[in-house]
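Read the structure below first, then the notes.
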Amino acid sequence: MATQKRLFLLDAYALIFRGYYALIKNPRINSKGMDTSAIMGFMNSLFDVIKRERPDHLAVCFDKGGSSERTELFPEYKANRDETPDAIRIAVPYIQDILKAMHIPSVVLEGWEADDIIGTLAKQAEKEDYQVFMVTPDKDFGQLVSENIFMYRPARMGNGIEIWGIPEVQKRFGVERPEQVIDYLGMMGDASDNIPGLPGVGDKTAKKFIAQFGSMEGLLENTDQLKGKMREKVEANKELGLLSKKLATICVDCEVQFDARDYEISVPDSEKVQEIFEELEFRRLKDQFLKIFSEEQGNGTGQVSGTETAKKVSAPAGSGQFSLFGGNGEAPATIKDSSSRKTIKDVPHTYQSVAPGMAMQLFLQNLMQQPTVCFDTETTGLDPLTAALVGIAFSWEAGKGYYVPFPEDRDAAQALMEQLRPFFEAESIEKVGQNLKYDIKVLHKYGIKVKGPLFDTMLAHYLINPDMRHNMDVLAETYLNYTPVSITELIGKKGKHQLSMRDVPLEKVTEYAVEDADITFQLAQHFAPELEAAKTDTLFRDIEIPLLRVLAAMELEGINLDKSFLDSLSDDLNKDIAQLEKQIYEAAGEEFNIGSPKQLGEILFNKLKLVDKPKKTKTGQYSTAEDVLSYLAKDHAIVQQVLDYRGLSKLKSTYVDALPLQVAEHSGRVHTDYMQTVAATGRLSSNNPNLQNIPIRTERGRQVRKAFVPRSEDYVLMAADYSQIELRIIAALSEETTMIEAFKNGEDIHASTASKVFQVPLEEVTREQRSNAKTVNFGIIYGVSAFGLSNQTDLSRTEAKELIETYYKTYPKLRNYMSEQVDFARENGYVQTVLGRRRYLKDINGSNQVVRGAAERNAVNAPIQGSAADIIKIAMINIHKKLVEGGHRSKMLLQVHDELVFDIYRPELEAMKVMIKTEMENAYPLSVPLDVEVGIGQNWLEAH
Numbered sequence: 002m003a004t005q006k007r008l009f010l011l012d013a014y015a016l017i018f019r020g021y022y023a024l025i026k027n028p029r030i031n032s033k034g035m036d037t038s039a040i041m042g043f044m045n046s047l048f049d050v051i052k053r054e055r056p057d058h059l060a061v062c063f064d065k066g067g068s069s070e071r072t073e074l075f076p077e078y079k080a081n082r083d084e085t086p087d088a089i090r091i092a093v094p095y096i097q098d099i100l101k102a103m104h105i106p107s108v109v110l111e112g113w114e115a116d117d118i119i120g121t122l123a124k125q126a127e128k129e130d131y132q133v134f135m136v137t138p139d140k141d142f143g144q145l146v147s148e149n150i151f152m153y154r155p156a157r158m159g160n161g162i163e164i165w166g167i168p169e170v171q172k173r174f175g176v177e178r179p180e181q182v183i184d185y186l187g188m189m190g191d192a193s194d195n196i197p198g199l200p201g202v203g204d205k206t207a208k209k210f211i212a213q214f215g216s217m218e219g220l221l222e223n224t225d226q227l228k229g230k231m232r233e234k235v236e237a238n239k240e241l242g243l244l245s246k247k248l249a250t251i252c253v254d255c256e257v258q259f260d261a262r263d264y265e266i267s268v269p270d271s272e273k274v275q276e277i278f279e280e281l282e283f284r285r286l287k288d289q290f291l292k293i294f295s296e297e298q299g300n301g302t303g304q305v306s307g308t309e310t311a312k313k314v315s316a317p318a319g320s321g322q323f324s325l326f327g328g329n330g331e332a333p334a335t336i337k338d339s340s341s342r343k344t345i346k347d348v349p350h351t352y353q354s355v356a357p358g359m360a361m362q363l364f365l366q367n368l369m370q371q372p373t374v375c376f377d378t379e380t381t382g383l384d385p386l387t388a389a390l391v392g393i394a395f396s397w398e399a400g401k402g403y404y405v406p407f408p409e410d411r412d413a414a415q416a417l418m419e420q421l422r423p424f425f426e427a428e429s430i431e432k433v434g435q436n437l438k439y440d441i442k443v444l445h446k447y448g449i450k451v452k453g454p455l456f457d458t459m460l461a462h463y464l465i466n467p468d469m470r471h472n473m474d475v476l477a478e479t480y481l482n483y484t485p486v487s488i489t490e491l492i493g494k495k496g497k498h499q500l501s502m503r504d505v506p507l508e509k510v511t512e513y514a515v516e517d518a519d520i521t522f523q524l525a526q527h528f529a530p531e532l533e534a535a536k537t538d539t540l541f542r543d544i545e546i547p548l549l550r551v552l553a554a555m556e557l558e559g560i561n562l563d564k565s566f567l568d569s570l571s572d573d574l575n576k577d578i579a580q581l582e583k584q585i586y587e588a589a590g591e592e593f594n595i596g597s598p599k600q601l602g603e604i605l606f607n608k609l610k611l612v613d614k615p616k617k618t619k620t621g622q623y624s625t626a627e628d629v630l631s632y633l634a635k636d637h638a639i640v641q642q643v644l645d646y647r648g649l650s651k652l653k654s655t656y657v658d659a660l661p662l663q664v665a666e667h668s669g670r671v672h673t674d675y676m677q678t679v680a681a682t683g684r685l686s687s688n689n690p691n692l693q694n695i696p697i698r699t700e701r702g703r704q705v706r707k708a709f710v711p712r713s714e715d716y717v718l719m720a721a722d723y724s725q726i727e728l729r730i731i732a733a734l735s736e737e738t739t740m741i742e743a744f745k746n747g748e749d750i751h752a753s754t755a756s757k758v759f760q761v762p763l764e765e766v767t768r769e770q771r772s773n774a775k776t777v778n779f780g781i782i783y784g785v786s787a788f789g790l791s792n793q794t795d796l797s798r799t800e801a802k803e804l805i806e807t808y809y810k811t812y813p814k815l816r817n818y819m820s821e822q823v824d825f826a827r828e829n830g831y832v833q834t835v836l837g838r839r840r841y842l843k844d845i846n847g848s849n850q851v852v853r854g855a856a857e858r859n860a861v862n863a864p865i866q867g868s869a870a871d872i873i874k875i876a877m878i879n880i881h882k883k884l885v886e887g888g889h890r891s892k893m894l895l896q897v898h899d900e901l902v903f904d905i906y907r908p909e910l911e912a913m914k915v916m917i918k919t920e921m922e923n924a925y926p927l928s929v930p931l932d933v934e935v936g937i938g939q940n941w942l943e944a945h
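Using this note's numbering, the letters of the sequence shown correspond one by one to residues 2 to 945.
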């Protein structure tokens, strides 16, 4: 039986921009400092289509020079768009090279947009009995949809793909026929393309007019049926309406010709594709490419899933002359990994396991003579607090190393560890490792303290290139051009059939484990001179490495949790949530799923009509995002109730119900894991559980802190918190005399600021003035705008603008400092903290205003936030040293932003108060005094 062939046409720039902005908060930066987000985003979309749909025919369509016809009609067409971000400009040639290597046609036509090329090709292919799928997130393509032409909207933000056929277009735009989408767009206009539309006509009005008059022309011929101002506006702008419709019309007869043979999927030039991916450092995409193009794909049958329409139209791949997926019954092409990277099979190496007895004695003698040794523990699991040792690998020379297997019996394992104790406790031997904190915690269970200098390759790379990933496989491939053996090759993928390390034959474990130690040793040699070159070697040696030991000690200690209190809090929250549900249902006049954004949006904006022109998501449903609801909360009780409901539900699931499950069996305590290599600013992150995100602005959120209690009645909790440390740092760095004096005099900085900017005596400052001054004080650090300030206060936008201007006049050196930071970043490509921690800002000289603006804000913020992080790290190192050297029973337990939490042994209380406050306040000398507030209590909330 003959089946319809399928053509997929990709809207290149729409997918490139979408990929770039999807990663804007966490861009993908390779070791050369290149932002590869746009390329990665596009390739993910392309591979997803190929993998999911196995198309017969495919092409990618690009704009070139914009639409000359539309610009002639309306010179302002798309004139409001920002400069294309540099990362996208750089991306396009790479993407076109990859497509060329994959033998996928790029269709470009000078003076035409991709929309027009896709429209023309789609209509031509339809006449040749193809089903056409236009791969784009752009809603404008709805006008082209027909029985055989569909919009294929890629997956995003956790939502699956969407296929829009005629029914979907009818529903989305309120039209009878897809071509009426042109009238809809013409009436409503399009801000992103600068299409003016008819003044005063939004989504609902456009749909109403189309239902009533059928088209733009129908509306303009019957304006006598309109009333009041709407009639006046439409009649006065008839020509604008017709022009807008013309601008919104996708051309279907531009000079491009569909030739089925050109667009057939064929065997890619595998070596060339992999070569480009190697250059871009796309390890996962390369693996994905090899997998997609080497797996046997059956006969190419592919389902386009997502809607009823899609289910009806899905069809097997066609029977072209050749299909990569075997459409004509031939065997699929086999793609080989032509990677230039070396593996264990290519490199001469000597990896030996060490047997007990004489071999062990000789190994130990040799080991103890080395100045630097890399070691790597192999364990039964990922949790260092519960994992048992399976073996330890050692390497001190490239290509060579040893593996010491450990017996399963605990006593025998401990006896073997005693033989290795002299090495681990040797002060003269430098120990190298990747994520040494894990190994230190594992060895702690065997009574081993790792002494001597440390070199952690993960931390070193974090300081060299903070925006890149830091796991060993990535580092090996990037810096050594070497792909290590994957753990899944040894124990299999996650799941019930995954082996334990103990189940793997000794020969295989030896090769795997010693390779890790060998590669890590080589990476350390590579990174040491790079740290010096970047002038971050002192920061590495004096802050990050000593902190590693401090964090290991804190994580091993853990904190006590009052589970019974959390149980009662959970019950209270259930009652609060039920009460809010009842109030929301009453206000809505019906019951619905409050947790469903779609249902909530329908209630708030369709039924209750809280605003005239509600914001919509790209999928067409009403937006109920936090920022949208927060803006409406003060005017509508139901919205505040929904926000409260969300907050309590999240609090309950994330903390109140989850924390008791994270209490360790062996200790009865919660052991969070601190990560040093996540935040580019230098701040620590907390995980499993994340104790840094417990909300403290709400009463219920603060109560969660009540569950954290001392270890016993002999102890109390102490919280020591830096007061306004970021403001003090910005005052010191900017040398802003007025602000420095206020801090030196012990004044309330927010009241002091309010007094100056509102020009009233200090004692006459109102609560509202102080509150507004506080918002500006903290907002300035993050580049707050007049719009942002007015949203956070009761000030109008004009008042907010005036307040910011007055603020800068009051503190002129502050503004100069901010400008100097941006200038420094523009010249050097980075900014740095008081200790020389660098934040690289690759977009600081970018041409796109939005992206450059974000980099400029980071140029100001990163040194302040990063310096605060550096200062508290120094305090932690010094306090820990005093606690250990003094043999104190008091322990440091937690670090949460600018606060440290301690378990204080009661007899040591007074001494600890003085010592901790002194060390924190004197951690780093600034021209502004650091101030620390100390609290004591029977729980964390009481102490805070």
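In this text, a Cβ means the ideal position worked out from N, Cα and C, and glycines have one as well. Predicted model only: the values in this text are computed from it and were never measured.
- Glutamate 666 and isoleucine 741 have their C-alpha atoms spaced approximately 50 Å apart.
- Taking 9 Å as the cut-off, the Cβ atoms of aspartate 563 and alanine 708 count as close.
- Within the region 362-444, the complete beta strand (DSSP E) segments of 3 residues or longer fall at 373-380, 390-398, 401-406, 431-434, listed in chain order.
- By the criterion of a C-beta distance shorter than 8 Å, arginine 342 is surrounded in its chain by Glu279, Glu478, Asn482, Tyr483, Thr484, once the five residues flanking it on both sides are discounted.
- The beta carbon of isoleucine 937 lies closer than 6 Å to those of Val717, Met719, Ala944 in the same chain, with the five residues before and after it left out.
- Here methionine 913 is buried, its C-beta having at least 16 other C-beta atoms within 10 Å.
- Here the region 601-612 makes no contact with the region 645-664; the two share fewer than three CB pairs at distances below 8 Å.
- By the CB criterion at 9 Å, tyrosine 14 and alanine 115 fall inside the cutoff.
- Per DSSP, tryptophan 113 lies in no beta strand (DSSP E) and is assigned neither H nor E.
- For glutamine 866, the uninterrupted alpha helix (DSSP H) segment begins and ends at 850-886.
- Approximately 10 Å separates the beta-carbon atoms of valine 935 and glutamate 922; this is outside 8 Å, ruling out the contact.
- Leucine 552 places its beta carbon 9 Å or farther from that of valine 657.
- In the displayed model, arginine 670 falls within a strand according to three-state DSSP.
- The three-state secondary structure of glycine 590, taken from DSSP, is coil.
- Glycine 938 sits in a strand when the DSSP states are folded into three classes.
- Of Val897, Leu574, Arg173, Tyr818, the smallest CA-CA separation from aspartate 674 is found for Val897.
- Measuring C-alpha to C-alpha distances from leucine 460 to each of Gln770, Leu685, Pro357, Ala579 identifies Leu685 as the nearest.
- Fewer than three pairs of CB atoms, one per stretch, sit closer than 8 Å, so the region 516-524 makes no contact with the region 407-415.
- If only uninterrupted beta strand (DSSP E) runs of at least 3 residues are considered, those enclosed by the region 679-721 are 686-688.
- An exposed status is given to glutamine 213, since fewer than 16 other beta-carbon atoms sit within 10 Å of its beta-carbon.
- DSSP places arginine 907 in the helix class (H, G or I) of the three-state scheme.
- Residue pairing by DSSP puts asparagine 561 in a beta bridge opposite Arg670, Val710.
- In terms of Cβ geometry, aspartate 141 and isoleucine 211 do not form a close pair [threshold 9 Å].
- Of the other Cβ atoms in all chains shown, fewer than 16 fall within 10 Å of the Cβ of isoleucine 697; this residue is therefore exposed.
- Around the beta carbon of histidine 498, a 10 Å sphere encloses fewer than 16 other beta carbons of the protein chains shown; the residue is thus reported as exposed.
- Counting every other CB atom within 10 Å of its CB across the protein chains shown gives glycine 867 a total of 16 or more, marking it as buried.
- Restricting attention to beta strand (DSSP E) runs no shorter than 3 residues, the region 136-207 encloses them at 150-154, 163-165, ordered along the chain.
- By the Cβ-count criterion, methionine 877 is buried, with 16 or more other Cβ atoms from all chains shown falling within 10 Å of its own Cβ.
- Cα atoms of cysteine 62 and glycine 382: separation of roughly 48 Å, rounded to the nearest angstrom.
- Here the region 503-519 makes contact with the region 345-352; the two share three or more CB pairs at distances below 8 Å.
- Taking 8 Å as the upper bound for CB-CB distance, proline 106 and aspartate 263 are in contact here, some 6 Å apart.
- Remark: C-beta atoms of alanine 856 and glycine 683 do not approach each other more closely than 9 Å.
- In the DSSP annotation of this structure, the continuous segment of the beta strand (DSSP E) that includes methionine 893 starts and ends at 892-897.
- For threonine 834, no beta strand (DSSP E) segment is defined, and its DSSP state is neither H nor E.
- Under the three-pair Cβ rule at 8 Å, the region 197-212 counts as touching the region 225-235.
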